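As C-alpha cells, the structure follows; a few thoughts come after it.
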C-alpha cells in the first residue's frame with residue numbers, strides 16, 4: 002500500500018496542503034518549513050517539486066481564477082439578454098465557488114504584497130468588471146429595477162456570493178454547515194434571492 | 002484655538018483613534034505604544050484615561066453592539082407580520098452599519114482571542130439568531146419564497162449587508178466609494194434587492 006504515500010508527492014496534493022496552510026496562516030505568515038512539515042516532506046524534497054512558495058500560490062490561485070473566467074466565455078454568458086447572461090454568470094460563479102472552495106477562499110483573502118498576489122487582485126477586479134458591465138447592460142435594457150443603482154447591485158451581489166466561502170461547507174463539516182444543501186440548490190437559492198427576492 | 006488639542010484627550014476621540022488602529026493592525030497586533038503614538042499621548046497619559054487596550058476594545062465594540070440590539074427592540078421590529086419586522090430590522094441594520102461604520106467593521110473582524118472579543122462574537126451570534134428567527138417565522142407565515150431555505154436566506158442576507166463595511170465609504174473617500182449614495186438610499190437598495198430582487 003504505497004499509493005497514499007506516493008500521492009503526497011504530486012503537485013496536486015502539495016497544492017491542497019499549501020492552500021490549507023496559506024488560508025490558515027496567511028501567505029505572508031507561511032514559510033517553506035511550514036509547507037514542508039504540513040506536507041510531510043523535507044524542505045529539500047519540497048524544492049525538488051517547486052521553486053518556492055510563490056509558485057504554489059500562483060498555481061493555487063489559477064485554480065480559482067481560470068474557471069471563473071471560463072464561465073464568462075460560456076454560451077450562456079455571451080448570448081441573449083444581459084439579464085439572462087448575468088443570471089448565468091451568477092449561477093455558475095456559485096458553482097465554481099463550491100467546486101473550488103479552498104482556492105476561491107484563498108483568492109478572496111489575498112493581500113497584494115507580492116507580484117502573484119497583485120496579479121490575483123487584478124484578475125478579481127477584471128472579473129468584477131465583467132459582472133458590473135452585465136448589471137449595467139441589463140439596467141440599460143430595462144431589466145433591472147429602476148430604483149437600483151447598478152454599481153450598488155454589483156457590490157451587493159458580490160457580498161452575497163463571496164460570503165459563501167465563510168459559511169458554506171460541503172457535506173456538513175465544520176461550523177455553520179448546511180449539510181443537506183447540494184451545490185445546485187445553493188446556486189438556485191442565490192439566483193432566486195438576488196433576482197426575485199426573498200418575499201413571496 | 003486650544004479646542005482641537007483638548008479634544009484629543011476625550012475618551013471619545015481616543016476611541017476613534019483606537020478603532021482605526023485596531024482595524025488596521027488587528028487588535029492582537031496593537032500595543033499600548035501604538036495607541037499612544039497614534040493618539041499623540043504619552044503612554045502614561047494614556048493609562049490616565051484607560052486601564053488598557055481591552056477596555057478601549059470593549060467600549061468600541063459596544064458602539065456597534067448596542068445600537069444593533071436597540072434595533073431589535075424598536076416597534077417596527079416587535080409588532081406586525083414577521084416579514085415586515087424582518088424588513089424593518091434589515092433596513093435599520095444598514096442604518097447602524099453606516100452610522101457606526103468603523104465600530105461595526107471592527108466587530109466583524111474580531112477573532113475571539115480575548116474575553117472581550119469572545120463577548121463580541123457572542124453578541125454577534127445573538128443578533129444573527131434574532132434575524133434567523135425572523136426569517137423562519139416569515140417563512141412559516143408563508144411570506145418567504147417557498148423554495149428558499151430560511152437558514153440560507155439568513156446567511157445570504159448577512160453576506161450582503163456585512164459586505165457594506167468592505168466597500169461603502171461615506172462621502173466619497175477611499176477606493177470603490179459610492180459618493181452620491183445617501184445612507185437611506187443604501188438601506189433602500191439593500192431592502193429592495195433582498196426582498197424583491199434586482200429583476201424588474
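Protein chains in written order, with the working numbering: chain A, 2 to 201; chain B, 2 to 201.
Just so it is clear, CB atoms sit at the ideal spot from N, CA and C, and this is done for glycine as well.
Everything numeric in this text was worked out from a predicted model, so none of it was measured.
Relative to the C-alpha of residue 14 of chain B, which residue among B:61, B:84, B:33 is closest? The residue you call residue 14 of chain B lines up with position 13 of the second chain. That would be B:61, whose Cα lies nearest to the Cα of residue 14 of chain B.
Proximity winner among A:71, A:133, A:66, A:50, relative to residue 104 of chain A (alpha-carbon distances): By 1-based counting over the first chain, the position of residue 104 of chain A is 103. Of A:71, A:133, A:66, A:50, the residue nearest in Cα terms is A:66.
Run of the alpha helix (DSSP H) containing residue 115 of chain A, from where it starts to where it stops: Taking the first residue of the first chain as 1, we reach residue 115 of chain A at position 114. Careful: residue 115 of chain A lies outside any alpha helix (DSSP H) and carries neither H nor E.
Show which residues of chain B have a CB atom less than 9 angstroms away from the CB atom of residue 190 of chain A. Position 189 of the first chain, counted from the start, is the residue given in the question as residue 190 of chain A. Near residue 190 of chain A (Cβ distances below 9 angstroms), the residues of chain B are 148, 149, 150, 153, 154, 157.
What would DSSP say about residue 82 of chain A, mapped onto helix, strand or coil? For the purposes of this step, residue 82 of chain A is taken as the residue at position 81 of the first chain. Reduced to three states, the DSSP call for residue 82 of chain A is coil.
Starting from the C-beta of residue 44 of chain B, find all residues in its chain whose C-beta is less than 7 angstroms away, skip the five residues before and the five after it, and write them out in chain order. On the second chain, residue 44 of chain B is found 43 positions in, with the first residue counted as 1. Around residue 44 of chain B: 33, 34, 37.
Taking CB distances under 9 angstroms as the criterion, tell me whether residue 77 of chain A reaches chain B. Within the first chain, residue 77 of chain A is the residue found at index 76, counting from 1. Contacts with chain B at 9 angstroms (Cβ-Cβ) do not include residue 77 of chain A.
With a CB to CB cut of under 6 angstroms and the five nearest residues on each side skipped, what residues in its chain are close to residue 39 of chain A? As a working mapping, residue 39 of chain A is identified with position 38 in the first chain. Within the same chain, residue 39 of chain A has close Cβ partners 18, 22.
For residue 166 of chain A, tell me which candidate among A:140, A:123, A:97, A:113 has the shortest Cα-Cα distance. In the first chain, residue 166 of chain A corresponds to position 165, counting from 1. Nearest option by C-alpha distance: A:97.
On a Cα-Cα basis, can you pick out the residue from A:31, A:124, A:132, A:82 that is closest to residue 63 of chain A? Locating residue 63 of chain A in the first chain gives position 62, where the first residue counts as 1. Closest by alpha carbon: A:124.
Here's a check: name, in chain order, each residue in its chain whose Cβ is nearer than 6 angstroms to the Cβ of residue 79 of chain A, leaving out the five neighbours to either side. The residue you call residue 79 of chain A lines up with position 78 of the first chain. Contacts found: none.
Residue closest to residue 225 of chain B, alpha-carbon to alpha-carbon, out of B:196, B:153, B:107, B:135: Since the first and last residues shown for chain B are 2 and 201, residue 225 of chain B lies out of range.
Using C-beta distances below 6 angstroms, list every residue in its chain close to residue 140 of chain A, excluding the 5 sequence neighbours before and after it, in chain order. Here the question's residue 140 of chain A lines up with position 139 in the first chain. Listed in chain order, the non-local C-beta contacts of residue 140 of chain A below 6 angstroms within the same chain comprise 151, local neighbours out to five positions each way being set aside.
Output, in chain order, the set of chain B residues within a Cβ distance shorter than 8 angstroms of residue 126 of chain A. Walking along the first chain from the start, residue 126 of chain A turns up at place 125. Neighbours of residue 126 of chain A on chain B: none; closest Cβ ~10 angstroms, over 8 angstroms.
What residues of chain A sit near residue 182 of chain B, judged by a beta carbon separation below 9 angstroms? By 1-based counting over the second chain, the position of residue 182 of chain B is 181. Residues of chain A passing the Cβ test: 150, 152, 153.
By Cβ distance below 7 angstroms, which residues in the same chain neighbour residue 188 of chain A in space, the five residues on each side in sequence not counted? Residue numbering aside, residue 188 of chain A sits at position 187 when the first chain is read from its first letter. Result list for residue 188 of chain A: 92, 95, 96, in chain order.
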